[in-house]
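Top line first, the protein sequences correspond to chains A and B.
Position 17 of the first sequence, counting from 1, maps to 17 under this note's numbering, and the rest follow consecutively.
Position 350 of the second sequence, counting from 1, maps to 350 under this note's numbering, and the rest follow consecutively.
Before any comments, here is the structure.
There are 2 protein chains.
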Amino acid sequence: MTKQIVRIKDIAERANVSTGTVDRVLHNRGRVAEDVRQRVTKIAEELNYEPNLLARTLVNNKVYHIAAIIPDPKADSYWQAPKSGIDKAEEELKRYGIRVTHFIYDSLDAASFTRAAGKVEELAFDGILVAPIFYRESLAFLNKWKSSKVPFVQFNTHIPAYEPLMYIGQDSYQSGVLAGKLMHYGCREKATFVVAHIEEDIQNSTHLIHKEQGFVDYFSSHGQEGFYTVIQKDLKATAQHTIAQQLDSLFEEETQIKGIFVTNSKANIVATYLQKRQITHVRLIGYDLIEKNLHFLNSETIDFLINQNPKGQGYWGIYGLADHLVFKKKNNPIKYLPLDIITKENLQYYIEADI
Amino acid sequence: MTKQIVRIKDIAERANVSTGTVDRVLHNRGRVAEDVRQRVTKIAEELNYEPNLLARTLVNNKVYHIAAIIPDPKADSYWQAPKSGIDKAEEELKRYGIRVTHFIYDSLDAASFTRAAGKVEELAFDGILVAPIFYRESLAFLNKWKSSKVPFVQFNTHIPAYEPLMYIGQDSYQSGVLAGKLMHYGCREKATFVVAHIEEDIQNSTHLIHKEQGFVDYFSSHGQEGFYTVIQKDLKATAQHTIAQQLDSLFEEETQIKGIFVTNSKANIVATYLQKRQITHVRLIGYDLIEKNLHFLNSETIDFLINQNPKGQGYWGIYGLADHLVFKKKNNPIKYLPLDIITKENLQYYIEADI
DNA sequence: CAAAAAAATGTGTTCGAACACGCAAATATT
DNA sequence: AATATTTGCGTGTTCGAACACATTTTTTTG
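Following this line, the structure appears as structure tokens:
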């Protein structure tokens, strides 16, 4: 029952060879007689040998350069969290030679993404962490990285294919379903629900479309035909109309609105509106624990926020690359983070949590 | 900007002493001239020296014995999860000399706890992880461990004082508040809510009382006087009455029941009842992702389960002890785990999650 | 003042894995 | 047959920290 640690030396003794030979076998460095190779392999398996990562990394002092391509946290505070997760991971991993260089782009400007990713292209990194929020612009780069075999990790937005090392983030569709459930649980009467995309180019943002689809699908499988109505609304401030004006006319046209589901982190804009118009009977569900949203969560204007664990996304993203580059561990190619339901009453534990 | 790793050797060179001297200074081993000690300390601080944990643990091959005192998973399947968290941590930490011995007691028999803890007492462990679910019986042991300076970690149930190395688990009171919120969000009409303690000796289980208190307090601060009524119910199968019979009479006496909050992992017992009686308008909220509950969560008889991350509790508990014993790191004495809200739609991500 | 004791400091080995290097035996080349 | 080349395998060093042990310096004591 005593758990015994198996070392290369132990294998070597049993196989009557030197540690150097075992090392060659385990790392497929060749230069070993076939019969010896088989004997050593067999013994290693029998003893259930697992390399000591510490000793391994201790001797390895290569430096690995990772590029992180993310939106500017100053423009959209949501992106502060992934950045701090990345920084935290870098801090922990610098001992193992991990160095991260940030390439910041503007989350409202697809061309700036292309520029940032282009720079990374030129510089030859050992790994790339990218939040590919612009679908069209991302494809070309994902394709290039795939063919040049640079390991890359996608987070926040899932663009399948192109064989990323891994994807880290949420299942957007399922988070829409979850929002549907929460809306439904809070409102059993006949009602109209609004899916609101705020300040987004939805045609180029697949994950928002998935969220909407999940929400719609929830209601088509719950409650009889015609009982619940879901409408979609694309809200953008224009020269002609502010968002408040657009919401005014929405509420005029649709009198049965009992809930609004905001597909990105901008639920606070709707909350501001509801508070100003003193509308209290409308349920409001959004995303992300950013400062502006938390204020309305605490005043209970926003009922629920779905948390994407953005800090964790950055953190695990860098770790995924390090596992590949430094520790030679394999990771699951898709890491779906939990869909955390946040309300005023459990908020504090998600804010305090380190990762 | 290039992050430089500072080694003992670097400090030694700058201070014009040998690495041995630096080592003595850093570990307060004495036998160093005062002026040299100050010089070295100063340089270590300036360079922001942080010991390389890997190298440290590599050389240290002491074995640390930890006792885990937990209820029998076979009797109450909830306890399977902490056990597997403990096992996982042991697996990861065995390289650093961590060995865990389990002491299992019966979660329905306080005397068995005393026996298990008594055995640990005799055997002299380097650290103890304990789920002190019996308040009275735990006090004596906590006190003994405190005075004999054995580091111990409490999890699941928080009994303050006695200076544990740390407590890991939830804030029971706040989880009751959260249950209140969820109940309230799902039911805006006049209603009666039941707080049900099932098969528990509540007088000896402080955390259940805290949950009830949180739930009650939520409703006293929301909604006007008399709109919501909260009643407490202690349900235990006896020779005279089954739990179903007790629920029958409860529903006869109280006609306005719109929700039931079960304070432990036995919500499935109420769910079975509701399903048999075909009661669908009653909201049901409980705790813990055990098999029996999940079935009713999926059939939407249980609306929400609050997850205590039991696997994480065991895992982090062992890690807390290892941080202290092996890595000499300091931990926060209270680690409140998030109050995860689980519903059918986001369940899968909490089941799959490793920790 | 010299010898002994105490204090201060330096040196060398260890942990487990990786890898460069070196040497011997087997095989190939002339 | 002599020499070169390949193949197979062992040895020794390295990583950073810990610690035992050795050595030097200072202080105390008879």
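Glycine included, every Cβ here is placed at the ideal spot set by N, Cα and C.
Asked                                                                                                                            : Found
Terminal residues of the alpha helix (DSSP H) in which tyrosine 319/A lies                                                       : 310-325
Tyrosine 339/B, buried or exposed, once every other Cβ within 10 Å from all chains shown has been counted against 16             : For clarity, residue 339/B is leucine in the given sequence; the question names tyrosine instead. Label assigned to leucine 339/B: buried.
Members of the stretch 313-344 of chain B that neighbour chain A once the beta carbon cut-off is set at 9 Å                      : Tyr336, Leu337, Pro338, Leu339, Asp340, Ile341, Ile342, Thr343, Lys344
Extent of the continuous alpha helix (DSSP H) run through tyrosine 185/A                                                         : 172-185
Contact list for the stretch 66-96 of chain B against chain A, Cβ threshold 7 Å                                                  : Lys94, Arg95
Isoleucine 198/B - DSSP class collapsed to helix/strand/coil                                                                     : strand
Assigned secondary structure, asparagine 16/A (DSSP; H/G/I helix, E/B strand, else coil)                                         : coil
Contact between the stretch 239-246 of chain A and the stretch 164-175 of chain A (3+ Cβ pairs under 8 Å)                        : no
Rounded distance between the beta-carbons of glycine 85/B and glutamine 360/B, thought under 8 Å                                 : Since the first residue shown for chain B is 1 and the last is 355, residue 360/B is missing from the structure and cannot be characterised.
7 Å Cβ cutoff, methionine 1/A in contact with chain B                                                                            : With a pLDDT of 43 at methionine 1/A, under the threshold of 50, the modelled position of that residue is not reliable, and the figure given next carries that caveat. No - not a single Cβ of chain B is within 7 Å of the one on methionine 1/A.
Three-pair Cβ contact test at 8 Å for the stretch 209-220 of chain A versus the stretch 181-198 of chain A                       : yes
Extent of the continuous alpha helix (DSSP H) run through proline 82/A                                                           : 80-93
Neighbour-count burial assignment, histidine 27/B, 16 or more Cβ in a 10 Å radius                                                : exposed
Test item: CB-CB of glycine 118/B and proline 151/B under 7 Å                                                                    : no
Own chain partners of tyrosine 350/B with C-beta closer than 7 Å, once the 5 adjacent residues on each side are dropped          : Leu289, Asn307, Asp340, Ile342
Partner residues on chain A for glutamine 174/B, Cβ-Cβ distance less than 7 Å                                                    : Glu345
Test: tyrosine 349/A CB closer than 7 Å to a CB of chain B                                                                       : yes
Cutoff 7 Å: lysine 119/A Cβ touching any chain B Cβ                                                                              : no
Rounded separation between asparagine 332/A and arginine 136/B - CA only                                                         : 46 Å
Those residues which DSSP pairs with aspartate 234/A across a bridge                                                             : His197/A
Cβ distance (whole Å) where phenylalanine 155/B is taken to contact alanine 131/B below 8 Å                                      : 6 Å
Three-state class that DSSP yields for serine 307/B in the structure shown                                                       : The question names serine, yet the displayed sequence has asparagine at residue 307/B. If DSSP states are grouped into helix, strand and coil, asparagine 307/B belongs with the strands.
Where tyrosine 185/A meets chain B, residues with beta-carbon distance less than 9 Å                                             : Leu182, Tyr185, Gly186, Arg283, Asp303, Phe304, Thr343
Interface positions of the stretch 44-60 of chain B facing chain A (Cβ-Cβ less than 7 Å), listed along the chain                 : Asn52, Leu54, Ala55, Thr57, Leu58
Residues of its chain near glutamate 300/B, where Cβ-Cβ distance is below 8 Å and the 5 sequence neighbours each way are ignored : Lys344
Beta-carbon separation (whole angstroms), glycine 97/A vs lysine 62/A, contact threshold 8 Å                                     : 5 Å
C-alpha distance - tyrosine 336/B paired with aspartate 323/B, whole-angstrom precision                                          : 17 Å
Where the beta strand (DSSP E) through leucine 284/B begins and ends                                                             : 283-287
Within chain B, the residues that isoleucine 359/A reaches when beta carbons sit closer than 9 Å                                 : There is simply no residue 359/A to check, as chain A begins at 1 and stops at 355 in what is shown.
Reduced DSSP category for arginine 380/B - H, G, I as helix; E, B as strand; rest coil                                           : A query on residue 380/B cannot be resolved here, the shown segment of chain B reaching from 1 to 355 and no further.
Residue-level contact to chain B via CB, leucine 178/A, 7 Å cutoff                                                               : yes
Cα-Cα separation between tyrosine 167/B and leucine 325/B, rounded to whole angstroms                                            : 16 Å
Beta strand (DSSP E) runs wholly inside the stretch 97-162 of chain A, at least 3 long, in chain order                           : 98-105, 127-130, 152-155
8 Å Cβ cut-off: residues of chain B touching isoleucine 5/A                                                                      : Lys94, Arg95
DSSP-derived helix/strand/coil call for glycine 259/A                                                                            : strand
Coarse secondary structure for alanine 68/B, derived from DSSP in three states                                                   : strand
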